[in-house]
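2 protein chains.
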Amino acid sequence: MCDQLRYDYLSCCGHSTLQTPNIDRLAQQGVNFTRTYVPSPLCGPSRMSFYTGRSVFSHGARYNNYPLRVDEWTLGDYLRPLGVRTALTGKTHMAADRETIQRLGIDPDSRAGVLMRQCGFEPHERDDGLHPAALADPDLAYNRYLREQGYESDNSWNEFANSAEGPNGEVLSGWYMRNAKFAARVQEEHSETAYMTNRAMDFIRDSGNEPWCLHLSYIKPHWPYMAPAPYHDLYGPEDVQAPNRSERERRDPHPVRSAFMQHEDSKNFARDAVRETVIPAYMGLVKQIDDHLGRLWKFLEAQGQWENTMIVFTSDHGDYLGDHWLGEKDLFHDESVRIPLLIHDPSPQADATRGTRDSRMVEGIDLLPTFIEWLGGTPPEHRLEGASLLPLLHGTPDVTWRDYAISESDYSNRRARGFLGLAPQDARATMVCTERWKGIFHPCFRPELYDLQNDPQERMDLGGDPEHEAVRRELKDRWFEWILQRKTRVTISEETIKNLDDPAKLGILIGYW
Amino acid sequence: MCDQLRYDYLSCCGHSTLQTPNIDRLAQQGVNFTRTYVPSPLCGPSRMSFYTGRSVFSHGARYNNYPLRVDEWTLGDYLRPLGVRTALTGKTHMAADRETIQRLGIDPDSRAGVLMRQCGFEPHERDDGLHPAALADPDLAYNRYLREQGYESDNSWNEFANSAEGPNGEVLSGWYMRNAKFAARVQEEHSETAYMTNRAMDFIRDSGNEPWCLHLSYIKPHWPYMAPAPYHDLYGPEDVQAPNRSERERRDPHPVRSAFMQHEDSKNFARDAVRETVIPAYMGLVKQIDDHLGRLWKFLEAQGQWENTMIVFTSDHGDYLGDHWLGEKDLFHDESVRIPLLIHDPSPQADATRGTRDSRMVEGIDLLPTFIEWLGGTPPEHRLEGASLLPLLHGTPDVTWRDYAISESDYSNRRARGFLGLAPQDARATMVCTERWKGIFHPCFRPELYDLQNDPQERMDLGGDPEHEAVRRELKDRWFEWILQRKTRVTISEETIKNLDDPAKLGILIGYW
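Each protein sequence line maps, in turn, to chains B and Y. Residue numbers for the first sequence follow numbering that gives the first Met the number 0, so the first one is 0 and each next one is one higher. Residue numbers for the second sequence follow numbering that gives the first Met the number 0, so the first one is 0 and each next one is one higher.
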């Protein structure tokens with residue numbers, strides 16, 4: 000998983016100058032799911048959905064670091080009973096519910112307590128990848144590693160890996176986008192992407208013949224947009240694609256987009272100079288990941304594991320990069336909510352689909368049931384809300400599949416909430432997307448509506464257009480249908496219910512004469 | 000709280016021959032909320048909603064003994080921090096999520112573990128009140144008590160308190176409704192209702208001057224329909240009100256009601272002989288509760304606590320008793336879903352409403368925020384879904400109040416599910432009730448619809464009538480509006496969110512140039 004990688008910045012997904020041959024290899028030998036949506040266009044809630052197989056509405060961790068409920072099962076909780084070690088290398092952006100851990104007397108240092116705090120992953124190399132000076136952690140493994148390589152600082156992540164050296168030897172912070180054109184102050188092989196790839200190989204090597212599942216979670220190309228040489232200047236302004244935006248969009252925005260347009264990131268990305276500085280660095284970071292994945296593929300081949308390892312390449316959400324006059328993510332244009340999803344399933348059943356593209360609506364919550372099923376388990380239907388992709392990967396005929404996707408956003412902790420004067424619980428929005436239409440619903444504002452057939456660039460908001468009332472109604476009906484299917488009865492399974500004794504067997508005679 | 004007491008079996012709620020002066024006193028000196036609906040017409044889920052202040056959809060314990068999630072806060076969890084002892088005397092029908100308790104390494108014998116297993120109540124006298132031979136518990140406190148009074152048995156509850164002696168000295172089981180006309184084999188002062196009232200007084204006495212909240216939870220008039228003398232024959236067939244049912248209802252039932260009509264209880268209650276045997280016993284059990292509450296009121300007065308104790312009288316759901324050709328509850332006619340709710344608030348602010356009736360839509364989830372507010376706390380709005388009744392009790396002008404009520408039913412463990420061939424997750428229904436209309440929605444069948452203005456007896460199901468499509472649509476819209484307001488982000492409060500630092504303060508500069 001990459002962080003903040005939008006769907007169209009891979010050569011197999013249509014980028015014209017960014018070549019990603021190693022990632023593309025998964026598409027050539029597997030399936031490219033071209034229409035994959037995130038459960039939420041934001042790191043934390045999206046990841047909690049990937050890990051729990053449940054929508055944001057259901058798991059409730061709606062914003063970054065809003066704690067996950069202690070009894071939510073995550074990836075590792077499902078895979079360990081199948082005999083599969085499950086670890087994380089890199090970012091997770093999960094907060095444990097410490098208040099409840101304490102209230103219930105759960106020992107945070109017990110096995111269960113540690114797993115809970117690690118989001119169900121066995122401790123290996125967790126690193127959320129954002130370490131400004133105020134949050135410096137000298138004990139962070141990556142900081143220790145950098146110091147061992149001679150980058151002396153309490154916070155080498157900040158001072159070296161995410162800072163650059165200017166033309167006059169000055170240290171330039173990666174937190175400022177104007178510095179994105181300079182090279183990071185670390186050698187490429189000491190950068191985060193290189194380091195995390197090494198750590199992934201450590202884990203795989205350490206697992207020997209034991210089955211394993213690794214969540215290799217790169218922080219990049221997420222900001223700070225800072226790449227080591229040579230990736231910092233592999234690309235230039237000529238590689239920057241024209242922004243997807245119109246004058247009308249700037250002039251007459253929906254109130255929520257209008258508020259987001261006032262964010263620092265949006266104001267800056269509206270300027271060509273910013274895009275021409277940042278986007279080449281963003282591309283360089285993607286290219287770097289591609290190179291390291293090439294290294295990882297070779298390693299797997301050398302270990303004899305390429306042929307028995309399912310590899311999934313994806314992202315937690317996209318990045319506007321100035322499109323629609325926005326930076327960051329949070330909202331629901333494809334640039335933000337759509338992600339790459341490439342799956343290489345080495346099993347012979349998947350031979351039928353190798354090299355194909357599948358444009359069915361796929362969601363981030365579909366991966367967990369896919370993994371459980373692929374590893375021989377049965378996805379528990381009373382908790383999981385996604386669907387296993389194995390039938391799609393195996394080319395099973397006549398699969399019934401969803402014809403709409405849902406994504407949810409909470410911006411209670413973004414400045415836009417203040418601009419709009421909303422209570423936290425009202426600072427949210429929901430996308431309902433069918434093949435043709437994308438509707439976005441706001442508790443306190445009119446909906447947005449885009450006609451993806453006639454306006455695939457999503458520049459013309461039809462949300463206030465009386466002519467399209469029936470379409471909006473239909474999308475709302477889908478949303479309602481969806482929300483009624485949320486799995487909130489999580490403590491007892493369908494099978495257990497089916498096998499419960501009739502009360503009469505226990506002597507509880509109801510209404511006998 | 001009574002169990003299975005329908006709204007209309009009190010004299011203050013309109014029963015013509017059943018006199019309940021002690022309960023009525025609460026109506027005379029407090030407020031009679033005449034239109035109160037249960038969150039679910041079934042013991043367990045309804046009670047979990049009363050205790051958590053959350054709808055069944057949100058807490059997820061949708062059927063009796065479906066475990067409550069370990070991090071759901073209940074009544075005691077909210078009141079103890081306010082310095083209020085909170086205990087249960089009698090029935091709760093809560094199952095702890097033992098699988099999760101074990102998985103998370105929570106010590107079931109720790110303070111938190113005990114409270115969790117006791118549904119947040121301090122251990123005092125929990126007794127779910129259903130002890131057939133197969134589930135006999137010789138250590139049950141009430142069984143020990145009965146043995147001390149000379150009722151020798153491992154399961155005196157079953158053999159004495161809920162059995163009768165027939166005309167020839169034979170022991171007749173209370174599990175068979177035909178025996179409801181006989182007196183229980185215990186003296187009245189040893190019956191469950193008397194015993195639990197005594198235990199309530201023990202708790203109050205033991206609390207001394209400490210603030211307390213007691214959930215006195217009578218199992219009666221719930222089946223086994225068995226009253227001790229003289230209550231078993233205080234009433235006769237002449238007191239049995241005509242059944243609320245029509246030939247059309249029997250002839251042309253909705254598929255779900257049709258399935259419920261095949262239950263043993265419905266088939267039996269369809270017979271006049273059964274109603275004439277059971278209903279007098281049911282009335283006797285209510286009358287007995289009224290007498291013991293009179294005893295409790297006197298006790299409170301003697302303790303000087305009548306004037307500083309808020310008293311709420313209610314029930315967890317109703318009982319069809321043959322109306323609409325049904326027994327039991329589970330479905331949504333008023334006989335099942337509507338309950339008495341009388342509140343005596345001794346504080347001077349409530350003087351304005353004493354002796355009044357309030358017909359606004361009240362729900363079981365409103366009690367928890369009422370208690371928290373009355374005891375000086377602030378109901379946490381990120382979890383609680385009900386509204387405090389204090390403004391209504393205090394006659395606050397211009398209160399904005401809900402204009403519809405929702406109730407949810409899960410019948411995955413009733414025989415009806417099998418008759419209908421449904422998967423557990425589809426065996427559910429939801430009621431949306433406004434002042435005029437009651438709609439009932441089923442995942443796999445057409446809705447039901449009743450016009451409460453022109454058909455207050457709810458005998459004419461308009462759910463399939465094309466003329467009323469707009470009404471059904473409107474009710475569905477209310478339901479959708481409601482479900483969107485469910486509180487699933489339970490781990491962080493509105494206040495905490497409002498006070499979160501701006502990331503920029505921590506050096507996380509998003510999109511700065």
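Backbone N, C-alpha and C fix where the C-beta goes; we use that ideal spot for every residue, glycine too. This structure is a prediction, so every number in the text was calculated from the model and none was measured.
Helix, strand or coil for residue i, going by three-state DSSP, please let me know.
i              : result
R250 (chain B) : helix
K266 (chain Y) : helix
I338 (chain Y) : strand
V30 (chain Y)  : strand
C350 (chain B) : The displayed chain sequence assigns Asp, not Cys, to residue 350 (chain B). Three-state result, D350 (chain B): helix.
A120 (chain Y) : The sequence as given places Phe at residue 120 (chain Y); Ala does not occur at that position. Looking at F120 (chain Y) - three-state DSSP - the assignment turns out to be coil, as it is neither helix nor strand.
D402 (chain B) : coil
A226 (chain Y) : coil
I507 (chain Y) : coil
F312 (chain Y) : strand
V470 (chain B) : helix
E362 (chain Y) : strand
Have a look at residue i and residue j and give me their C-alpha separation to the nearest angstrom.
i              : j              : result
E473 (chain B) : C12 (chain Y)  : 44 Å
V69 (chain Y)  : R274 (chain B) : 49 Å
P502 (chain B) : Q3 (chain Y)   : 18 Å
L74 (chain Y)  : Q18 (chain B)  : 60 Å
L284 (chain Y) : P220 (chain Y) : 5 Å
D205 (chain Y) : R249 (chain Y) : 53 Å
P465 (chain B) : C443 (chain B) : 18 Å
P137 (chain Y) : D153 (chain Y) : 5 Å
C118 (chain B) : N142 (chain B) : 22 Å
A428 (chain B) : P20 (chain B)  : 36 Å
C1 (chain B)   : E380 (chain Y) : 36 Å
W324 (chain Y) : G462 (chain Y) : 18 Å
L215 (chain B) : L233 (chain B) : 25 Å
G417 (chain Y) : H441 (chain Y) : 16 Å
Y458 (chain Y) : W478 (chain B) : At residue 458 (chain Y) the sequence reads Arg, which differs from the Tyr that was named. R458 (chain Y) and W478 (chain B): Cα-Cα distance of roughly 33 Å.
W431 (chain B) : Y403 (chain B) : It is worth fixing the name first, because residue 431 (chain B) is Val in this sequence and not Trp. Taking the straight line joining both Cα atoms gives about 7 Å.
D289 (chain Y) : L134 (chain Y) : 30 Å
A179 (chain B) : Y511 (chain Y) : 11 Å
Compute the beta-carbon to beta-carbon distance between residue i and residue j, rounded to the nearest angstrom, for a pair I have assumed lies under 8 Å.
i              : j              : result
R34 (chain B)  : S358 (chain B) : 5 Å
P122 (chain Y) : A182 (chain Y) : Actually they are not in contact, since the Cβ atoms of P122 (chain Y) and A182 (chain Y) sit about 33 Å apart, beyond 8 Å.
A351 (chain Y) : H393 (chain Y) : 7 Å
R485 (chain B) : E384 (chain B) : 7 Å
E334 (chain Y) : N243 (chain Y) : 7 Å
D329 (chain B) : L41 (chain B)  : 6 Å
V131 (chain Y) : G506 (chain B) : A quick correction: the sequence has Pro, not Val, at residue 131 (chain Y). Contact holds; Cβ gap of about 3 Å.
L499 (chain Y) : N412 (chain B) : 6 Å
L451 (chain B) : V470 (chain B) : Wrong, their Cβ atoms sit about 12 Å apart, outside the cutoff.
Spell out the partners DSSP gives residue i in its beta bridges.
i              : result
G438 (chain B) : B:V431 and B:L448
W478 (chain B) : Answer by DSSP bridge pairing: none, since W478 (chain B) is not bridged.
H214 (chain B) : B:L87
D2 (chain Y)   : Y:P220
V170 (chain Y) : Y:E164
R356 (chain B) : B:N31
A94 (chain B)  : Answer by DSSP bridge pairing: none, since A94 (chain B) is not bridged.
H58 (chain Y)  : The partner list for H58 (chain Y) (beta bridge, DSSP) is empty, contrary to what the question assumes.
D322 (chain B) : Paired residue(s): none; D322 (chain B) is not in a bridge.
Taking 8 Å as the cut-off, does the CB of residue i come closer than this to any heavy atom belonging to the ligand NAD?
i              : result
E209 (chain Y) : Absent from the structure shown: the ligand NAD. Ligands present: none.
Worksheet entry | chain B contacts from the region 210-229 of chain Y (Cβ-Cβ distance under 9 Å) | Correct list: W222 and P223.
Worksheet entry | Near-chain Y residues of the region 484-498 of chain B (beta-carbon distance less than 7 Å), N- to C-terminal order | T487, R488, V489, T490, I491, E493, I496 and K497
Worksheet entry | Residues in the region 38-59 of chain B having any Cβ partner in chain Y nearer than 9 Å | V55, F56, S57, H58 and G59
Practice prompt. Residues of the region 151-177 of chain B with a CB closer than 9 Å to any CB of chain Y: list them in chain order, please.
Written response: N157, S172, W174, Y175, M176 and R177
Worksheet entry | Contact set between the region 112-129 of chain Y and chain B, restricted to residues whose Cβ is under 8 Å from the partner | G112, M115 and L129
Worksheet item: Just by C-beta distance, which residues in the region 424-451 of chain B are closer than 7 Å to chain Y?
Response: Q424
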